[in-house]
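J.:
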Amino acid sequence: MDGKVCLITGASGGIGLEAAKALAGLGATVVLVGRDAGRTEAAVSAVRAAAPGAKVEWLKADLTSLQSVRDLAAAFKARYSRLDVLLNNAGLIIDRREVTVDGLEATMATNHFAPFLLTNLLLDVLKASAPSRIINVSSDAHLAGKVDFDDLQSERSYFGFRVYGTSKLANILFTRALAKRLQGTGVTVNALHPGTVRTGFGHNTKGFFRHIVKLGAPFMISAEKGARTSIYLASSPEVESVSGEYFYKCRPRWTSSAARDEALAERLWQVSAQLTGVNA
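Start counting the sequence shown at 1; every next residue gets the next number (the UniProt record's numbering).
1) According to DSSP, which residues form a beta bridge with Ile135?
2) How big is the Cα-Cα spacing for Lys4 and Pro131?
3) With respect to the alpha helix (DSSP H) encompassing Trp269, which residues constitute its N-terminal and C-terminal limits?
4) Output the residue ranges of the alpha helix (DSSP H) runs that lie fully inside the stretch 21-90 and measure 4 residues or longer, sorted by chain position.
5) In angstroms, rounded to a whole number, what distance separates the CA positions of Ala61 and Ser81?
6) Considering only the alpha carbon of each residue, which of Gln274, Leu118, Val271, Phe247 lies closest to Asp71?
7) Is Asp261 near the ligand HEM - that is, is its Cβ less than 8 Å away from at least one heavy atom of it?
8) Let me confirm a value: Ser257 is counted as buried when at least 16 other C-beta atoms fall within 10 Å, else exposed. Which label applies?
9) Taking only the alpha-carbon atoms, compute the straight-line gap between Trp254 and Ile15 and give it to the nearest angstrom.
10) What's the call for Ser157, buried or exposed, on a 16-neighbour Cβ count within 10 Å?
11) Measuring straight from C-alpha to C-alpha, what distance separates Ile8 and Asp150?
12) CB-CB under 8 Å to Gly216, same chain, minus the five flanking residues each way: which ones, in chain order?
13) Please report how far the alpha carbon of Asp148 lies from the alpha carbon of Thr166, in whole angstroms.
14) Relative to the C-alpha of Thr100, which residue among Ala259, Asn89, Leu63, Asp124 is closest?
15) Grab me the residues of Ala179's own chain with a C-beta within less than 6 Å of its C-beta, minus the 5 sequence neighbours each way, in chain order.
16) Under 9 Å, do Glu105 and Val163 count as touching if we go by C-beta distance?
17) Arg97 and Ser154 - do their beta-carbons sit closer together than 9 Å?
18) Taking just the CA atoms, how far does Leu173 sit from Leu264?
19) Below 9 Å between beta carbons: does that hold for Thr175 and Asn136?
20) Helix, strand or coil: how does DSSP classify Phe149 here?
21) Output needed for Leu26: all residues of its chain with C-beta closer than 7 Å, excluding positions within five of it in sequence on either side, in chain order.
22) Whole angstroms are fine: how far does the CA of Gly145 sit from the CA of Gln274?
23) In three-state terms, what does DSSP make of Ile93?
24) What number of angstroms, rounded off, separates the C-alpha of Ile94 from the C-alpha of Ala141?
25) Mind listing, in chain order, the continuous beta strand (DSSP E) runs of no fewer than 3 residues lying wholly within the stretch 231-260?
26) Using only the alpha-carbon positions, how far apart do Ala90 and Leu182 sit?
27) Ala54 and Val30 - do their beta-carbons sit closer together than 9 Å?
28) List the DSSP bridge partners of Ile8.
29) For Glu18, count neighbouring C-beta atoms within 10 Å of its own C-beta (all shown protein chains included) and say buried if the count is 16 or more, exposed if not.
And the structure:
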């Protein structure tokens with residue numbers, strides 16, 4: 001990874017931080033994205049401790065805000081002329097419906113619309129840096145998801161885990177639709193399930209899911225193990241030409257039938273483009 005530049009969202013802790021440590025250790029310049037200055041600066045220090053001499057810095061962004069995502073893309077382009085790996089890792093689950101400054105449901109805004117917008121804003125740099133890679137951290141929770149275009153913002157019905165599952169389904173559908181658009185560019189895009197990882201994820205919830213996280217914690221894998229597939233997709237020569245797939249434990253994995261629905265993927269792309277201001 002010498003000379004390569006990696007941008008990682010949700011990198012102030014958990015699997016994002018572990019991926020940053022590993023990629024920095026392989027020689028990459030690593031740019032961490034976080035919304036909390038203190039936590040993200042601590043993450044930068046942790047990467048430097050794990051990989052002495054590593055080139056690492058951070059950029060601030062709140063992925064619940066589309067303007068903040070645009071500012072992030074602009075700030076990255078102002079500092080870097082290349083991007084070899086974009087790791088869309090940030091994720092959110094909440095048990096009560098919240099609305100962002102853009103009027104979007106917060107889970108879908110953070111988990112789907114933000115990476116959709118950020119990726120599209122950085123495509124020109126990724127193409128210019130080809131061969132390059134886009135990695136979307138999804139989840140087997142996509143099996144519980146359903147894209148309802150009549151209630152995409154969950155105004156009529158809200159259940160935190162179902163909405164989270166829908167956002168993870170959207171990650172895979174986005175991956176599939178983007179892979180088609182990137183054919184012949186030298187840019188690949190893949191999604192992954194990191195496993196059930198023991199991190200701070202889900203601890204900001206107060207209801208059912210928080211109890212599930214507590215009960216399941218002893219059986220969950222470490223963040224270091226959870227990051228392995230992300231690291232593999234970012235760095236392994238084995239997947240240099242693989243695109244549009246869903247991985248688990250560094251191997252292609254089955255998905256739900258909905259995740260393989262090309263018409264659904266295309267419709268979601270068009271709706272997402274409209275909501276985020278991306279040229280479809």
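Just so you know, even glycine gets a beta-carbon here, dropped at the ideal spot from N, CA and C.
T.: So, from the listed chains and residues:
1) DSSP, once it has assigned bridges, lists Leu87, Asn190 as partnering Ile135.
2) Near 11 Å, if we compare the C-alpha coordinates of Pro131 and Lys4.
3) From DSSP, the alpha helix (DSSP H) with Trp269 extends over 262-276.
4) Counting only runs that start and end inside the stretch 21-90, the alpha helix (DSSP H) elements of at least 4 residues fall at 37-50, 66-79.
5) When rounded, the separation of the alpha-carbon atoms in Ala61 and Ser81 is 20 Å.
6) Out of Gln274, Leu118, Val271, Phe247, Leu118 has the C-alpha closest to the C-alpha of Asp71.
7) No copy of the ligand HEM appears in this structure; indeed no ligand is present at all.
8) So Ser257 counts as exposed.
9) Here the alpha carbons of Ile15 and Trp254 stand approximately 22 Å from one another.
10) Result: exposed.
11) Rounded to the nearest angstrom, the two C-alpha atoms are 32 Å apart.
12) A caution first: Gly216 carries a pLDDT of 43, below 50, which makes its placement in the model unreliable, though a value can still be read off. Same-chain partners within the cutoff: Thr196.
13) For Asp148 and Thr166, the distance between alpha carbons rounds to 9 Å.
14) Here the closest residue by C-alpha is Leu63.
15) So the qualifying residues of the chain are Val189, Ser243, Gly244.
16) Yes, these two residues count as a Cβ contact at 9 Å.
17) Contact flag set, yes.
18) Each residue's alpha carbon lies about 8 Å from the other.
19) Less than 9 Å separates the beta-carbon of Thr175 from that of Asn136.
20) Residue state for Phe149 is assigned as coil, using DSSP reduced to three classes.
21) Result list for Leu26: Met1, Ser235, in chain order.
22) Going by C-alpha positions, Gln274 is about 22 Å away from Gly145.
23) Residue state, collapsed to three classes: coil.
24) Using only the alpha carbons, I get a separation of about 14 Å.
25) Taken in chain order, the complete beta strand (DSSP E) segments of 3 residues or longer contained in the stretch 231-260 are 246-248.
26) For the pair Ala90 and Leu182, the Cα-to-Cα distance works out to about 23 Å.
27) At a Cβ-Cβ threshold of 9 Å, Val30 and Ala54 count as neighbours.
28) Answer is Leu32, Leu87.
29) Buried.
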